[in-house]
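Asker: Pasting a structure here, questions to come.
2 protein chains.
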Amino acid sequence: MSDFINTPLVGVPGSRTRMATPALVIDLPAFEANVAAMAAHCAKHGLNLRPHAKTHKCAEIARRQIAAGALGVCCAKLGEAEALGAEGIDGVLLTSPVVTPFAIERLMALNAKLDDLIVAIDNPENATALAAAAEAAGKPLQVLMDLDVGLHRTGIAPGDEAHALARQMEESPHLHFKGLQAYAGHLMHIEGFAERREKSLAVMKMLGDMRDRLEADSIACAILSGGGTGTFDIDVEANVLTELQGGSYVFMDKQYNDVDGPDGRSLGDAFQTSLHVQMSVVSNNTPKLATTDAGFKSFSTDAEPPVLSDGAPDDAKYFFFGDEQGGIMLSSANEKLALGTTLTAVTPHCDPTVNLYDAYHVLEDDMLVDIWPIEARGRSA
Amino acid sequence: MSDFINTPLVGVPGSRTRMATPALVIDLPAFEANVAAMAAHCAKHGLNLRPHAKTHKCAEIARRQIAAGALGVCCAKLGEAEALGAEGIDGVLLTSPVVTPFAIERLMALNAKLDDLIVAIDNPENATALAAAAEAAGKPLQVLMDLDVGLHRTGIAPGDEAHALARQMEESPHLHFKGLQAYAGHLMHIEGFAERREKSLAVMKMLGDMRDRLEADSIACAILSGGGTGTFDIDVEANVLTELQGGSYVFMDKQYNDVDGPDGRSLGDAFQTSLHVQMSVVSNNTPKLATTDAGFKSFSTDAEPPVLSDGAPDDAKYFFFGDEQGGIMLSSANEKLALGTTLTAVTPHCDPTVNLYDAYHVLEDDMLVDIWPIEARGRSA
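Order-wise, the sequence lines are chains A and B.
Residue numbers for the first sequence follow my numbering, so the first one is 15 and each next one is one higher.
Residue numbers for the second sequence follow my numbering, so the first one is 15 and each next one is one higher.
This is the structure in structure tokens:
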């Protein structure tokens, strides 16, 4: 595949500027620092870590997170779990409901293969279907109840119906009820720390109250899984979760760099930006303008445009110039970017950007040191 | 790969509602009608057709376009041309400049392999580099001059410098100068027909004038390549191009459906919408809301949100609900979409949506009849 055509450059000094572009590049020291920092954070607070692999979709990164102490990884989609499971990753928590009959068949095949798969459930009808499938398959399925703490995307609201659903799962001989999941995705990018903290603590209280209610009814909740990169420090203060699900901390992106941390620090002080897109100037005939080879197909477009990092004049700005190209606005007609100039940009939103590439190009300083396939890229089904 | 897991359903009646989702689906009769309509349009006006494969990225579709009379296909990126070339597609016009030393090496390898590769050039320095590489490789490279007709993305503006560049290419023994390319991407989505027509005809006049100037200087322009789906009817009126490059006509999308045709008709009257994303309801616990399995990773997000087509109540609206999910807003609390409900949506912008999937699921009525791999998916480099 052409994304892998840079392979001959692995280990060649200066090779980062000779790669096929656009390329998704990892700054290895920054990445390793992030993996270590979150592992140390969880260890310090006595919390488990099950980082969300929907961010990176890559078995090599999952292996490194697990080697640093993670229990396993979360996956958003069954296809992601299949792809990483095929690479030997276990301890997989599937955080989205698995609903259609065809998907349930695939889930049972995956459950047969993995030792420690857990899936989130938010609906009694779905719990009945999964229990029947697990019975037919002859192996119980480990499940969490997904609690809706205000996002309303998936999950069941805390209350009587949730209690009844937990009871149904607890009593099924074909489901092993393990506890609760909650993801407050609507709070992750609140830029002000005080507001994010207050709302996050309220969410954690909902989750803790539900756990208390279930445990008072003899329904044990061994796992309380949730949290995200945006609340990694608040979640430990709340002391409700047993494990953190944050994913974006390995890479960071423009969205998370804009989020404030405590004491006036930024989230970008806790974790470094380790992911960039490297591109090349391919046309430069118009004054105050250069065209690069990275457009809509090379960056996610759900957030703001990419922010240039290396290679461009300080005041240069990237704009999307269609599917295949990007424009670089220069502030002066005296500036000109030569054909072939290497530029990099911070990804606007890391997860959907990663989804556009088949591999990471791993860099140390000016050298391509490794290529990691993104096995779960595009596994949205 | 999990996108291909639907293979066992090929040819099974009713199978379209039993597929792994999200899935990118082609309505085969509509698609075939579009391929035939554009071929007939070009035949009627004595024009060649070299449809842009950046839309579909698929060898099977390229073969069908060529079988219907196309000369070959256009590719936006070298990686696309490599992927389709590996499947036996020839007559490839590479419409973007190939600039970096590494890309030029790959281009020479591709030129050695294909009988009829043409590449666009917009810069004398690049022409010199390509001529040197072609000389070293021992096979001349066919080239067009990319003319900037106002978009300023790539291309050289008509005038003395362009004339000199054409002269340079014409005189190089290692380049075979074939003519001109112009793409007025800034005009394609002007919704009003009269304005789009006036501006497009002005662009065609620029192109025709440049051809006349070069031919007066004994620089033959056998090929004048350009145009797009949005101007397919205007381009034939101008009578300047020798070949049309339109790509989106095979699928159409929300953007092109919003464009007016002549006589108050819409572009959607000329070509049918043949491409949709099929998704499933995976959560429905909140009144007036359902959650599907298709979010930012399943649709391009550079245009407006997807528009629901089949399976939802008439007044239901899709909204993006994060990376992995979509929300369906329902107008009444009495409506509820059952878990597993199959929904489809028109893609907002077809090209970057296609770039998210590994395969087309080809449908006839309610049946999955074929699966076509998207070989050039993600080949942005």
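Yeah, the Cβ is synthetic: ideal placement off N, Cα and C, and Gly gets one too.
In three-state DSSP terms, what is A/SER280?
Answerer: Taking the first residue of the first sequence as 1, we reach residue 280 of chain A at position 266. It is a strand residue.
Asker: Taking Cβ-Cβ distances shorter than 9 Å, what residues in chain A pair up with B/PHE116?
Answerer: Residue numbering aside, residue 116 of chain B sits at position 102 when the second sequence is read from its first letter. Here the neighbours are ILE19, ASN20, LEU23, ARG32, MET33, ALA34 and THR35.
Asker: By a C-beta neighbour count over all protein chains shown, 10 Å radius and 16 as the cutoff for buried, is A/SER345 buried or exposed?
Answerer: Taking the first sequence and counting its residues from 1, the one referred to as residue 345 of chain A is at position 331. With fewer than 16 other Cβ atoms within 10 Å, it is exposed.
Asker: Three or more beta-carbon pairs under 8 Å between the segment 327-341 of chain B and the segment 360-379 of chain B, yes or no?
Answerer: no
Asker: My output table needs one value for A/CYS364: the three-state DSSP class, helix, strand or coil.
Answerer: As a working mapping, residue 364 of chain A is identified with position 350 in the first sequence. A/CYS364 falls in the helix class under three-state DSSP.
Asker: For the beta strand (DSSP E) that B/TYR270 lies in, which residues bound it at each end?
Answerer: What you label residue 270 of chain B is simply residue 256 of the second sequence in a count that begins at 1. For B/TYR270, there is no enclosing beta strand (DSSP E); the residue is found in the alpha helix (DSSP H) stretching over 268-271.
Asker: Who are A/SER7's beta bridge partners in DSSP?
Answerer: The shown model of chain A, from 15 to 395, leaves out residue 7 of chain A, and the question about it has no answer.
Asker: Looking only at C-alpha atoms, which of B/ALA150, B/SER214 and B/LYS302 sits nearest to B/ASP2?
Answerer: Any property of residue 2 of chain B remains undetermined from this structure, which presents chain B solely from 15 to 395.
Asker: Please report how far the alpha carbon of A/VAL87 lies from the alpha carbon of A/VAL217, in whole angstroms.
Answerer: For this step, residue 87 of chain A is matched to residue 73 along the first sequence. For this step, residue 217 of chain A is matched to residue 203 along the first sequence. A/VAL87 and A/VAL217: Cα-Cα distance of roughly 23 Å.
Asker: Give, in chain order, every residue of the segment 257-277 of chain A whose Cβ lies closer than 9 Å to some Cβ of chain B.
Answerer: none
Asker: I believe A/LEU108 touches A/ALA134 by the beta-carbon criterion, under 8 Å. Please report the beta-carbon distance rounded to the nearest angstrom.
Answerer: For the purposes of this step, residue 108 of chain A is identified with residue 94 of the first sequence, where counting begins at 1. For the purposes of this step, residue 134 of chain A is identified with residue 120 of the first sequence, where counting begins at 1. The Cβ separation is near 6 Å, so the contact holds.
Asker: Using a Cβ-Cβ cutoff of less than 6 Å, which residues in the same chain neighbour B/GLU257 once the five nearest sequence positions on both sides are dropped?
Answerer: Counting from one through the second sequence, the residue named residue 257 of chain B turns up at place 243. Answer for B/GLU257: ASN62, ARG64 and SER239, listed in chain order.
Asker: Mapping DSSP to helix, strand and coil, what is A/ALA395?
Answerer: In the first sequence, residue 395 of chain A corresponds to position 381, counting from 1. Looking at A/ALA395 - three-state DSSP - the assignment turns out to be coil, as it is neither helix nor strand.
Asker: In angstroms with no decimal places, state the Cα-to-Cα distance between B/GLY102 and A/VAL106.
Answerer: By one-based count along the second sequence, residue 102 of chain B stands at place 88. By one-based count along the first sequence, residue 106 of chain A stands at place 92. Computed Cα separation, rounded: 41 Å.
Asker: Nearest to B/LYS350 by CA position, among B/PRO320, B/THR306, B/ARG393 and B/PRO387, is which residue?
Answerer: Locating residue 350 of chain B in the second sequence gives position 336, where the first residue counts as 1. Ranking B/PRO320, B/THR306, B/ARG393 and B/PRO387 by Cα distance to B/LYS350 puts B/THR306 first.
Asker: Are any of the Cβ atoms in chain B nearer than 7 Å to that of A/ASN369?
Answerer: Taking the first residue of the first sequence as position 1, residue 369 of chain A is located at position 355. Chain B, which has a Cβ nearer than 7 Å to the Cβ of A/ASN369, makes this yes.
Asker: Can you determine whether any heavy atom of the ligand SAM sits closer than 6 Å to the C-beta of B/GLU212, and answer yes or no?
Answerer: Inclusion of the ligand SAM in the displayed structure is not the case, the ligand content being empty and no account of it being possible.
Asker: Between the segment 291-303 of chain B and chain A, which residues of the former have CB atoms less than 7 Å from a CB of the latter, in chain order?
Answerer: SER294, VAL296, SER297, ASN299, THR300 and LEU303
Asker: What does DSSP give as the partner residues of A/ALA304 in its beta bridges?
Answerer: Translated into the one-based positions of the first sequence, residue 304 of chain A becomes position 290. Beta-bridge pairing by DSSP links A/ALA304 to A/ILE342.
Asker: Would you verify that the beta carbon of A/GLN195 is, or is not, closer than 7 Å to some beta carbon of chain B?
Answerer: As a first step, residue 195 of chain A must be located in the first sequence, where it is residue number 181. No, A/GLN195 does not count as interfacial toward chain B.
Asker: Closer than 7 Å, CB to CB, is A/ILE75 near chain B or not?
Answerer: Locating residue 75 of chain A in the first sequence gives position 61, counting from the first residue. A/ILE75 does not count as touching chain B.
Asker: Exposed or buried, B/MET202, counting other C-beta atoms within 10 Å across all chains shown (16 or more means buried)?
Answerer: As a working note, residue 202 of chain B is residue 188 in the second sequence. Buried is the call here.
Asker: Quick check on A/ILE40: does DSSP put it in helix, strand or coil?
Answerer: On the first sequence, position 26 is the one that residue 40 of chain A refers to. Note: A/ILE40 maps to strand in three-state DSSP.
Asker: With H, G and I counted as helix, E and B as strand and the rest as coil, what does DSSP make of B/GLN286?
Answerer: As a working mapping, residue 286 of chain B is identified with position 272 in the second sequence. In this structure, B/GLN286 counts as coil in the three-state DSSP scheme.
Asker: Does any C-beta atom of chain A lie closer than 7 Å to the C-beta of B/PHE313?
Answerer: By one-based count along the second sequence, residue 313 of chain B stands at place 299. Chain A, which has no Cβ nearer than 7 Å to the Cβ of B/PHE313, makes this no.
Asker: Is there a C-beta anywhere in chain B that falls below 7 Å from the one on A/ALA90?
Answerer: Locating residue 90 of chain A in the first sequence gives position 76, counting from the first residue. Judged by the 7 Å Cβ criterion, A/ALA90 is in contact with chain B.
Asker: Using a Cβ distance threshold of 8 Å, determine whether the segment 308-321 of chain B contacts the segment 379-391 of chain B, with at least three qualifying pairs required.
Answerer: no
Asker: Between A/ALA395 and chain B, is any beta-carbon pair separated by less than 7 Å?
Answerer: As a working mapping, residue 395 of chain A is identified with position 381 in the first sequence. It does; some Cβ of chain B falls within 7 Å.
Asker: Please list, in chain order, the chain A residues whose beta carbon lies closer than 8 Å to that of B/ARG167.
Answerer: Locating residue 167 of chain B in the second sequence gives position 153, where the first residue counts as 1. Result: SER297, THR305, PHE335, GLY336, GLN339 and GLY341.
Asker: In chain A, which residues lie with their C-beta within 8 Å of the C-beta of B/VAL376?
Answerer: Counting from 1 along the second sequence, the entry for residue 376 of chain B is found at position 362. Here the premise fails: no neighbours, minimum Cβ distance about 16 Å.
Asker: Among A/LEU121, A/SER29, A/GLU175 and A/PHE246, whose alpha-carbon lies nearest the alpha-carbon of A/ALA150?
Answerer: As a first step, residue 150 of chain A is located in the first sequence; it is residue number 136 there, counting from the start. Closest by alpha carbon: A/LEU121.
Asker: Could you spell out the range, first to last residue, of the beta strand (DSSP E) harbouring B/LYS331?
Answerer: Looking up residue 331 of chain B in the second sequence gives position 317. Start and end: 331-334.
Asker: What is the rounded straight-line gap between the Cα of A/ASP136 and the Cα of A/GLN156?
Answerer: What you label residue 136 of chain A is simply residue 122 of the first sequence in a count that begins at 1. What you label residue 156 of chain A is simply residue 142 of the first sequence in a count that begins at 1. The alpha-carbon atoms of A/ASP136 and A/GLN156 are separated by roughly 14 Å.
Asker: In or out: B/VAL26 buried (at least 16 other Cβ within 10 Å) or exposed?
Answerer: Counted from its first residue, the second sequence places residue 26 of chain B at position 12. The residue in question, B/VAL26, is exposed, as its Cβ has fewer than 16 Cβ neighbours within 10 Å.
Asker: Are B/PRO111 and A/SER297 touching if we call contact CB-CB under 7 Å?
Answerer: Translated into positions along the second sequence, residue 111 of chain B becomes position 97. Translated into positions along the first sequence, residue 297 of chain A becomes position 283. Contact: yes.
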